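First residue of the sequence shown? That's -1 in our numbering, and the numbers climb one at a time after it. What follows is one structure encoded as structure tokens, with my remarks underneath.
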Amino acid sequence: MAKIIIEGGHRLEGTVRVSGAKNAVLPILAASLLAESGLSQIEDVPDLLDVTHMADTVAALGAYVEKRHGSVRISANTVNSIEPPAQLVRRMRASFVVAGPLLSRFGEAKIALPGGCNIGQRPVDLHIKGFEAMGATTKIENGYVYFRAPRNGLQGARIYLDIPSVGATQNIMMAAALANGQTTIENAAKEPENVDLANYLNKMGARVRGAGTDVIRIDGVSSLSGVSHTVIPDRIEAGTFLIAGAIMGKGVYVDNAVSQHLMSLIAKLEEAGVQIDDEVSGIRVYPALNWRMKGLDLKTHYHPAYPTDLQAVMMAGLATCEGTSAITESVFENRFMHVPELQRMGAQIQLEGRTALIEGVQKLSGTQVRASDLRAGAALVIAGLMAEGETEITGLNHIDRGYDNLVGKFKRLGAKIRRLEIDEEEAEVISERMSS
Ligand code: UD1
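Dropping the structure here:
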């Protein structure tokens, strides 16, 4: 186990480079399973627990996987299993996207029902409905979903998604890549990571059109092969540094951040009085007056609206805003687990259903807090950077899932932050102290 210790109040300055996008690289690794021949070489791969899990999942299915220095090479012509190990799938919800590639390439898949961040009910009914529309039969038994394609393979279909689910759009896109005929996904997710996946599939030989819009059309092809691809930058990591720069910076350059992916965040930061300069290869941020943002109203929604993955981090930033703010979470019903932790640090937040009302305070104060999920963990780091005194954060396994070297990157910007390994005894003492 480990903990992060932050001595708050130190201003951030300099350049930070954003890593490749977690949410793009995960489905791209899964899509590599579709290649019957050739080598896939994926570049700008972030060093994350989730990436390790997905790479292990692909390897466990029989693919050759080599990971080194920000790149992954995969040869999938040796894949010989349609059942990813349940312990890997249960640990990470995103592994469910291996279903589409396995089903379309091998005609069947057996996948454990997934786990992942504890941020509310996260069903997979839309994935299943999509496969069924393409002719697959489904059986759910003992915690597993069994998919079987018709004898002559998956058939192109018109699929309307009730919700523009990111994962369901990816799974259906990948299944349709090798199906017979044309598949249309209506009300598709428009996230940039899905556009990156479509670009990767097209390089492999697929025919995907319309990714990034509401309607995606996929004309099935008979085979795909390995290619090289560089993953897009992580807009959530970029957003995390922009928010940190907005409240604690003296001028922070977020290198490799793509402003077109971050329009809603940039608009909200500007509304709060933050100065944002869109430069050639990144975004520069200067803080609001007195490092206090003006209170904001915002609502999370599907892309291009404000992303749910930057809800917790923005809430930490707004804890010291001038006036009041309201944040409504409309994507996940239970994504406020960071609220009690921020309250422990002195934030004035009241929950009313899916809305958090934040009364800005002058300052937060450091204490012991625990990350309950990935983005909640990042929010606590931001709060710790702002707080007076020392903040200790445990639950780092969540942060490690999705932020590549968060501590090192903040340290280079001038934060007084460090990571310490702790033994089980100390972890228990912390846990008891926090629950008393
Ligand atoms: C992805 C992202 C996650 C982000 C989320 C929303 C990855 C690896 N993860 O997760 O970081 O927070 O998008 O932007 O890319 N839903 C259903 N039925 C389904 C599928 C989803 O009801 O079959 C619901 C979910 O419960 C949720 C909403 O749809 O309320 C959006 O979920 P979805 O877009 O599928 O999120 P993920 O792909 O899991």
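Glycine included, each C-beta is placed from N, C-alpha and C at the ideal position. Just so you know, these numbers come straight off a predicted model, no measurement behind them.
Below 7 Å CB to CB, which residues in the same chain sit around histidine 435 once its five sequence neighbours on both sides are set aside?
An answer regarding residue 435 cannot be provided, because it is not within the stretch -1 to 434 covered by the chain.
Please find out if some non-hydrogen atom of the ligand UD1 comes closer than 7 Å to the beta-carbon of threonine 135.
Reading the sequence shown from its first residue, position 137 is the one you call residue 135. For the ligand UD1, not one heavy atom lies less than 7 Å from the Cβ of threonine 135.
Enumerate in chain order the residues of its own chain whose CB-to-CB distance from isoleucine 117 is below 7 Å, with the five nearest sequence positions on each side excluded.
Residue 117 sits at position 119 when you count from the first residue of the sequence shown. Below a pLDDT of 50, predicted positions are generally treated as unreliable, and isoleucine 117, at 44, falls in that range; no measurement from the model is reported.
Would you check whether the ligand UD1 has a heavy atom nearer than 7 Å to the C-beta of proline 121?
Here residue 121 refers to the residue found at position 123 of the sequence shown. Flag set: Cβ of proline 121 near the ligand UD1.
Determine the burial state of glycine 377: buried for a count of at least 16 other Cβ atoms within 10 Å of its Cβ, exposed for fewer.
Your numbering for residue 377 matches position 379 in the sequence shown. The amino acid occupying residue 377 in the given sequence is alanine; glycine does not appear at that position. Buried, since its Cβ has 16 or more Cβ neighbours within 10 Å.
Any heavy atom of the ligand UD1 closer than 7 Å to the CB of histidine 125?
Working through the sequence shown from its first residue, we reach residue 125 at position 127. Yes, since a heavy atom of the ligand UD1 falls inside the 7 Å radius drawn around the Cβ of histidine 125.
Any heavy atom of the ligand UD1 inside 7 Å of the beta-carbon of glycine 98?
Position 100 of the sequence shown, counting from 1, holds the residue named residue 98. Answer for glycine 98: no, Cβ out of range of the ligand UD1.
Does the beta carbon of alanine 377 fall short of 7 Å from some heavy atom of the ligand UD1?
Numbered from its first residue, the sequence shown carries residue 377 at position 379. No; taking the cut-off as 7 Å, the Cβ of alanine 377 has no heavy atom of the ligand UD1 nearer than that.
What does the alpha-carbon distance come out to for the pair proline 25 and aspartate 48?
Along the sequence shown, read from residue 1 onward, the residue named residue 25 stands at position 27. Along the sequence shown, read from residue 1 onward, the residue named residue 48 stands at position 50. Roughly 11 Å between the two C-alpha positions.
Which residue marks the beginning of the alpha helix (DSSP H) containing glutamine 168, and which one marks its end?
Along the sequence shown, read from residue 1 onward, the residue named residue 168 stands at position 170. 164 to 175 is the extent of the alpha helix (DSSP H) around glutamine 168.
Would you mind reading off the limits of the alpha helix (DSSP H) that contains aspartate 48?
As a working note, residue 48 is residue 50 in the sequence shown. Per DSSP, aspartate 48 belongs to the alpha helix (DSSP H) from 47 to 58.
Excluding five sequence neighbours on each side, which residues of the same chain lie with their C-beta closer than 6 Å to the C-beta of glutamate 64?
As a first step, residue 64 is located in the sequence shown; it is residue number 66 there, counting from the start. The answer, listed in chain order, is Arg71.
Who are the Cβ neighbours of glycine 364 in its own chain at under 6 Å, not counting the five residues just before and after it?
Locating residue 364 in the sequence shown gives position 366, where the first residue counts as 1. Once the five neighbours on either side are set aside, the close Cβ partners of glycine 364 are Gly6, Ala385, Gly387, Glu388 and Thr389.
Considering just the uninterrupted stretch of the alpha helix (DSSP H) at glutamate 339, what are its terminal residues?
Locating residue 339 in the sequence shown gives position 341, counting from the first residue. From DSSP, the alpha helix (DSSP H) with glutamate 339 extends over 336 to 342.
Below 8 Å on the Cβ atoms is my guess for isoleucine 157 versus isoleucine 170; work out the distance and round it to an integer in Å.
Your numbering for residue 157 matches position 159 in the sequence shown. Your numbering for residue 170 matches position 172 in the sequence shown. Rounded, the Cβ-Cβ distance is 6 Å, consistent with contact.
Which residue wins for smallest C-alpha separation from isoleucine 391, given the options Gly375, Gly406, Arg399 and Leu404?
In the sequence shown, the residue the question calls residue 391 occupies position 393. The candidate whose alpha carbon is nearest that of isoleucine 391 is Gly375.
With a Cβ-Cβ cutoff of 8 Å, do methionine 291 and leucine 308 count as a contact?
The sequence position of residue 291 within the sequence shown is 293, counting from 1. The sequence position of residue 308 within the sequence shown is 310, counting from 1. No; because the gap between Cβ atoms is not below 8 Å, this pair is not in contact.
What residues are listed by DSSP as bridge partners for asparagine 178?
The residue labelled residue 178 in the question sits at position 180 within the sequence shown. In DSSP, asparagine 178 forms a bridge with Gln153.
Opposite histidine 227 in the DSSP bridges: which residues?
To locate residue 227, count along the sequence shown from 1; it is residue 229. Assignment of beta-bridge partners to histidine 227 by DSSP yields Ile40.
With H, G and I counted as helix, E and B as strand and the rest as coil, what does DSSP make of lysine 407?
Numbered from 1 along the sequence shown, position 409 holds the residue referred to as residue 407. Helix, per DSSP.
Do leucine 294 and alanine 175 have their C-beta atoms closer together than 8 Å?
Working through the sequence shown from its first residue, we reach residue 294 at position 296. Working through the sequence shown from its first residue, we reach residue 175 at position 177. Not a contact, by the Cβ cut-off of 8 Å.
With a threshold of 7 Å (Cβ to nearest heavy atom), would alanine 187 be considered close to the ligand UD1?
Sequence index remark: in the sequence shown, residue 187 carries index 189 (1-based). Yes; taking the cut-off as 7 Å, the Cβ of alanine 187 has a heavy atom of the ligand UD1 nearer than that.
Helix, strand or coil for isoleucine 420 per DSSP?
Taking the sequence shown and counting its residues from 1, the one referred to as residue 420 is at position 422. Coil, per DSSP.
Within a Cβ cutoff of 7 Å, which residues of the same chain sit near glycine 51, ignoring the five residues on either side of it in sequence?
Working through the sequence shown from its first residue, we reach residue 51 at position 53. Glycine is not the amino acid found at residue 51; the sequence shown has histidine there. The residues are Leu86, Arg89, Met90 and Ser93.
Are the CB atoms of leucine 394 and isoleucine 2 within a distance shorter than 8 Å?
What you label residue 2 is simply residue 4 of the sequence shown in a count that begins at 1. What you label residue 394 is simply residue 396 of the sequence shown in a count that begins at 1. Yes, Cβ-Cβ distance for isoleucine 2 and leucine 394 is below 8 Å.
My assumption, with CB atoms under 8 Å, is that alanine 345 sits in contact with isoleucine 356. Please give the rounded CB distance.
For this step, residue 345 is matched to residue 347 along the sequence shown. For this step, residue 356 is matched to residue 358 along the sequence shown. Indeed they touch by this definition, with Cβ atoms about 7 Å apart.
Just tell me which of Thr135, Thr353, Gly218 and Arg66 has its CA closest to the CA of serine 328.
Here the question's residue 328 lines up with position 330 in the sequence shown. Considering only alpha carbons, the answer is Thr353.
Measure the alpha-carbon distance for leucine 46 versus glycine 151 and round it to whole angstroms.
The residue given as residue 46 occupies position 48 in the sequence shown. The residue given as residue 151 occupies position 153 in the sequence shown. Distance between the alpha carbons of leucine 46 and glycine 151: 35 Å.
Tell me which residue opens and which closes the beta strand (DSSP E) that valine 252 is part of.
Your numbering for residue 252 matches position 254 in the sequence shown. Taken as a continuous stretch (DSSP letters only), the beta strand (DSSP E) holding valine 252 covers 247 to 253.
Check the DSSP bridge columns for glutamate 184 and list the partner residues they point to.
Here residue 184 refers to the residue found at position 186 of the sequence shown. Beta-bridge analysis with DSSP links glutamate 184 to Tyr158.
For valine 56 and glycine 165, which I take to be in contact (beta-carbon distance under 8 Å), what is that distance rounded to the nearest angstrom?
The residue you call residue 56 lines up with position 58 of the sequence shown. The residue you call residue 165 lines up with position 167 of the sequence shown. With a Cβ gap of about 17 Å, valine 56 and glycine 165 do not count as contacting.
What do you get for aspartate 42, buried or exposed, if any count of 16 or more other CB atoms within 10 angstroms of its CB means buried?
Residue mapping note: residue 42 aligns to position 44 of the sequence shown, counting from 1. Counting Cβ neighbours within 10 Å, aspartate 42 comes out buried, since at least 16 surround it.
Just how far apart, CA to CA, sit cysteine 115 and arginine 205?
For the purposes of this step, residue 115 is taken as the residue at position 117 of the sequence shown. For the purposes of this step, residue 205 is taken as the residue at position 207 of the sequence shown. A caution first: cysteine 115 carries a pLDDT of 46, below 50, which makes its placement in the model unreliable, though a value can still be read off. One C-alpha to the other measures close to 33 Å.
Determine whether the beta carbon atoms of glycine 218 and glycine 36 lie at a separation below 8 Å.
As a first step, residue 218 is located in the sequence shown; it is residue number 220 there, counting from the start. As a first step, residue 36 is located in the sequence shown; it is residue number 38 there, counting from the start. Contact flag unset, no.
Among Thr228, Glu11 and Thr326, whose alpha-carbon lies nearest the alpha-carbon of tyrosine 198?
For this step, residue 198 is matched to residue 200 along the sequence shown. Residue Thr228 is the option with its Cα nearest to tyrosine 198.
Under three-state DSSP, which class holds tyrosine 401?
Taking the first residue of the sequence shown as 1, we reach residue 401 at position 403. Under the three-state reduction of DSSP, tyrosine 401 is assigned to coil, being neither helix nor strand.
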